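Quick notes on the structure that follows.
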Amino acid sequence: MGILCKHALKVLGHAKVHSIPEQFIKKRWTKDIRNRVSDIESGSQNQSGNDHVSEMVFVNHSMRSFYEITMRCKGHKEARNMLAGVLEDTIEKTNAMFEDMS
Numbered sequence: 001m002g003i004l005c006k007h008a009l010k011v012l013g014h015a016k017v018h019s020i021p022e023q024f025i026k027k028r029w030t031k032d033i034r035n036r037v038s039d040i041e042s043g044s045q046n047q048s049g050n051d052h053v054s055e056m057v058f059v060n061h062s063m064r065s066f067y068e069i070t071m072r073c074k075g076h077k078e079a080r081n082m083l084a085g086v087l088e089d090t091i092e093k094t095n096a097m098f099e100d101m102s
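Numbered by the UniProt record's numbering, the letters in the sequence shown go through residues 1 to 102 in order.
Written out as structure tokens, the structure is:
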């Protein structure tokens with residue numbers, strides 16, 4: 001299997017070719033890659049007893065989720081305010097939980 005370079009894609013564009021055969025499209029280039037990566041990460045978390053892996057999966061999932069919701073809210077003042085309030089509340093509750101644990 002070959003991979004189409006940007007030059008080949010440019011030639012196809014000039015030739016008004018609007019679809020590329022599936023054999024040339026890598027799975028990692030598709031839109032649903034984030035969902036598949038989350039599924040893979042969840043599976044590795046469930047199968048692995050390694051706390052470090054679980055922490056990495058948690059951090060990756062959390063960062064991805066926060067990024068996605070932040071980007072979704074950025075254009076709407078009401079949504080930004082709501083997100084800021086929820087995050088502030090979460091920070092306060094988390095700090096209180098850790099204080100209770102010590």
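Just so it is clear, CB atoms sit at the ideal spot from N, CA and C, and this is done for glycine as well.
In this text the structure is predicted, and so the values were computed from the model without any measurement.
To the nearest whole angstrom, what separates the beta carbons of residue i and residue j, a pair I think is in contact under 8 angstroms?
| i | j | result |
| --- | --- | --- |
| T70 | L83 | 7 angstroms |
| R80 | C73 | 5 angstroms |
If you draw a straight line from the C-alpha of residue i to the C-alpha of residue j, how long is it?
| i | j | result |
| --- | --- | --- |
| F58 | E68 | 15 angstroms |
| Q45 | L12 | For Q45, the predicted model reports a pLDDT of 45, less than 50, meaning its position is unreliable; a value from the coordinates is still stated below. Whole-angstrom Cα-Cα distance: 42 angstroms. |
| Q23 | L4 | 10 angstroms |
| A96 | L87 | 14 angstroms |
| T90 | S62 | 13 angstroms |
| H7 | M101 | 59 angstroms |
| I20 | E99 | 57 angstroms |
| F66 | K16 | 39 angstroms |
| G85 | E78 | 11 angstroms |
| D51 | G75 | 37 angstroms |
Mapping DSSP to helix, strand and coil, what is residue i?
| i | result |
| --- | --- |
| V57 | helix |
| V17 | coil |
| G75 | coil |
| S65 | helix |
| I91 | helix |
| L83 | helix |
| L4 | coil |
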